[in-house]
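This report concerns only the one structure given below.
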Amino acid sequence: MTQLTFARAINSGLRRSLENDAKVVLMGEDIGTLGGVFRVTDGLQKDFGKHRVIDTPLAESGIVGTAVGLAYRGYRPVVEIQFDGFVYPAFDQIVCQVAKMHYRTKGAVKMPITIRIPFGGGIGSPEFHSESPEAYFAHTPGLRVISPSSPQDAHTMIQQAIACDDPVLFFEPKRRYHDKGDVDESLDPGAALSFEKARVVADGRDVTLVAYGPLVKTARDVALAAADEGMSVEVIDLRSLAPVDFATVEASVRKTGRLVIAHEAVQSGGLGAEIAASITERCFYYLESAPVRVTGFDVPYPYSKLEMHHLPGLDRILDGVDRALGRPNSLSGLEG
Amino acid sequence: MVTDEVGQGGTTAGGPGSSAGQQGRTGQNLVQLITPAGERVSHPEYDPWVQDMSDEQLCSLYEDLVVTRRIDTEATALQRQGELGLWPPMLGQEASQIGSARALRDDDFVFPTYRDNGVAYCRGVKLTDILRVWRGNASAGWDPYTVNLGTPQIIIGSQTLHATGYAMGIQNDGADSAAIAYLGDGATSQGDVNEAMVFAASFQVPVVFFCQNNHWAISEPVRLQSHVQIADRPLGFGIPSMRVDGNDVLAVMAATRVALDRARRGGGPTFIEAVTYRMGPHTTADDPTRYRDANELEDWAQKDPIRRVKALLERKGLLTPELETAVQQKADAVARDMRTGCTTMPDPEPLDVFKHVYSTPHSWLDRQQDHYSRYLDSFGDPAGAASEEGARR
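Here's what the structure looks like:
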């Protein structure tokens, strides 16, 4: 076990993938000499060379489009999009090409491309540096969308993503980059829990709280705070956002009868809606109350002095837990 | 009169002997080796690149041109008869497609557009496979790796980035093959094409951008896309370019060979503007009489790519009745095979809708497939279950 920051854990995972497969190449803006604006790729170009760790021109569609060509040639490109809000110029290549090539060619052409995107807010940045665009991609057949919440998962899941023959959108919770955790770098990614599986990170009886990426830490804090007030909260770290491991969520909800979903992304049409609908379809008669969503508002990501109002924090999620349990809460007395 | 003939006169910026970064003046001369009247004109820079085109080779090019036109005619007829949903005619662009595709090696990799079915024929794609997309039986008719030809790209310009990335792979592998992207004049306005030129120039990868300027992007004339000649655009990226008569199969072949040779020798990317004309509609769903002048069509008919090769063969005494019969028979056979292949193509199975979205199992989709399968099983006739009228009433 080594103590690593989240960012360093990804760096270590990327290094292992580069070592294990000569077809793995990293591409992105400032990832080489600089080591990435968050230093996630620090030192990799020095050790693996400019043809394996490629500083690209400043053009996101170009980066993803050339990654498609490299994948055609048998490579496994790992693309870094510098910030969540910069992925949109590449949206066409991701949605029309990366996602559909396998279907289009009846499996002849594989797109083992990993697209790393630092996402989410809480770091006091200007526009386009704090977004949570994961639902766009979860809504796109052909893509897999995952998000680790801990250094160990970041280290393992990045290697699993790169080894996967399907394209994977890998959302990195950037406000957790400097969080430290124990990482077993010798863990075999093939033997570790598949990135498709959710993980119960805190056992509980009264309510199921589902989160992913940056809010898993918050959700665990919620469970601790709730315990002080006599509520037992089961926390599930989704890890995979497309597909969501509904079997794990369903099993928990059958036990607790109540569901709260928290994410930073805006509410309408988001993953919370998908989870609430799917769980309602699957185990309606086990639900004691309506599923509750605690999410960012349906607003453009606000300027930084307002962001803590937009982001679901501990108390807002706790308020959602109260609502699910029918305890007094901020909306008590409101109908519907 | 619609024309792109701006700034005529100047240098052949990307011709033999030039290199990346050596920019020419705007307005390049059109490279031509066969005049519309079928006269072989000499060109000191380009002649050496088609020296090996023997009489026999010329006859073979003629056959490919005629067969390609026949493929187009037959497919258009199949669409009119309801056998194809849509067809994008290449009428008038045969020389651009055959001349460039015949310059390629088997290990070169091609990224085509939906209109490059003459290229597909040259790469050895089965005729039935060419039609699968247009009959609605597949999103791509062939396995790209069996013929080193990507699937027909529908998003305009997208494939130029794929070719550039593929060429980055060739460069990494140390191979001496090349990638070639086909594109149209309209595509040069797309961001992806401009980004592809940035990447190709920065990394000096072995890629050829082969642009068929057919003068029309559906209803929009080329002057709406570019205020300068298309061949001048790549020069700003440091990519040498050539401007060739796209209705001249020899000129196209020579230019493509120049570009491929540069790519193989590590000289980086080249852009070719093949000046041609889309004699037909954008697709069988289009009506060009709404936006273009009949006189323009008449002018371009005089520059027909097949007629000029036929005239050249005649001048050389090669257009024998035997040749004409053999070419006609080949075209007839191809048309017959296409028609048979098209009309006997089996329909896909209902559950094929779920196949190949992912390369590994996917819990959401597996559940949807399971449920839909049960739904279909609840009907005696699965086809009826999916009809618009329904089968329950």
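Protein sequences appear in the order of chains W and C. At position 317 of the first sequence (counting the first as 1) the number is 317 in our numbering, and the numbers step up by one without a gap. Each number in our numbering comes from the position in the second sequence (counting from 1) with 1000 added on. Here a beta-carbon is modelled for each residue, glycine too, at the ideal position from N, C-alpha and C. Keep in mind the model is a prediction, meaning the values are calculated, not measured.
Per DSSP, the beta-bridge partners of C:Ser1241 are C:Phe1271. The C-beta distance from W:Ser12 to W:Ile162 rounds to 13 angstroms, too long to meet the 8 angstroms contact threshold.
In this model, C:Leu1030 and C:Ala1201 are separated by some 24 angstroms (Cα to Cα). Nearest to W:Ala67 by C-alpha distance, out of W:Tyr103, W:Gln45, W:His102, W:Met111, is W:Met111.
Taken through DSSP and simplified to helix, strand or coil, W:Gly28 comes out as strand. Rounded to the nearest whole angstrom, the C-alpha separation of W:Val25 and C:Ala1311 is 53 angstroms.
For C:Ser1096, the secondary structure class from DSSP, reduced to helix, strand or coil, is helix.
Between W:Val109 and chain C, the shortest Cβ-Cβ separation is below 8 angstroms. For the pair W:Ala202 and W:Val233, the Cα-to-Cα distance works out to about 7 angstroms. In this structure C:Ala1181 is in contact with C:Phe1210, their Cβ atoms being roughly 7 angstroms apart against a cut-off of 8 angstroms. The C-alpha of W:Arg15 is placed about 11 angstroms away from the C-alpha of W:Val53. With fewer than 16 other Cβ atoms inside 10 Å of its own Cβ, C:Arg1315 counts as exposed. DSSP places W:Val216 inside the alpha helix (DSSP H), whose first and last residues are 215-228.
DSSP places C:Phe1210 within a strand segment (E or B) once states are collapsed to three. The beta carbon of C:Ser1158 falls within 8 angstroms of a beta carbon belonging to chain W, placing the residue at that interface. Per DSSP, the unbroken beta strand (DSSP E) holding C:Leu1183 starts and ends at 1179-1184.
W:Asp166 reaches chain C at Tyr1358, Ser1359, Thr1360, counting residues in chain order whose Cβ is nearer than 7 angstroms. With 16 or more neighbouring CB atoms inside 10 Å of its own CB, W:Ala265 falls in the buried class. The C-beta of W:Pro300 has fewer than 16 other C-beta atoms within 10 Å across all chains shown, which makes the residue exposed. Residue state for W:Ala324 is assigned as helix, using DSSP reduced to three classes. Closer than 8 angstroms to the CB of C:His1162 there is at least one CB belonging to chain W. In this structure, the CA atom of C:Thr1256 is about 52 angstroms from the CA atom of W:Ser149. The beta-carbon separation of W:Asp166 and W:Arg199, rounded to 21 angstroms, does not stay under the 8 angstroms limit for a contact.
Using a Cβ-Cβ cut-off of 7 angstroms, C:Val1198 is close to Pro57, Ala59, Gly62 of chain W, given in chain order. Between W:Cys283 and chain C, the shortest Cβ-Cβ separation is not below 8 angstroms.
W:Ala191 places its beta carbon 8 angstroms or farther from that of W:Leu209. Cβ contact annotation for W:Phe137 (same chain, cutoff 6 angstroms, sequence separation greater than five): Leu143, Val145, Leu169, in chain order.
Listed by position along chain C, the residues whose Cβ is nearer than 7 angstroms to that of W:Pro141 are Val1357.
Annotation: Cβ neighbours of C:Pro1144 in chain W (cutoff 7 angstroms, chain order): Thr105, Ala108, Val109. Taking 8 angstroms as the cut-off, the Cβ atoms of W:Glu250 and W:Arg282 count as close.
Following the DSSP letters along the chain, one finds W:Ser240 inside the beta strand (DSSP E) bounded by residues 240-242.
If one requires a minimum length of 3 residues, the beta strand (DSSP E) runs lying completely within the segment 31-71 of chain W are 53-55, in chain order.
If you look at C:Glu1296, you'll find it in the alpha helix (DSSP H) that goes 1294-1301. Bridge partners of C:Ala1386 according to DSSP: none are assigned. Non-local C-beta neighbours of W:Ala276 in its own chain, meaning closer than 6 angstroms and more than five positions away in sequence, comprise Pro291, ordered along the chain. A distance of 8 angstroms or more separates the beta carbons of W:Val95 and W:Ile113.
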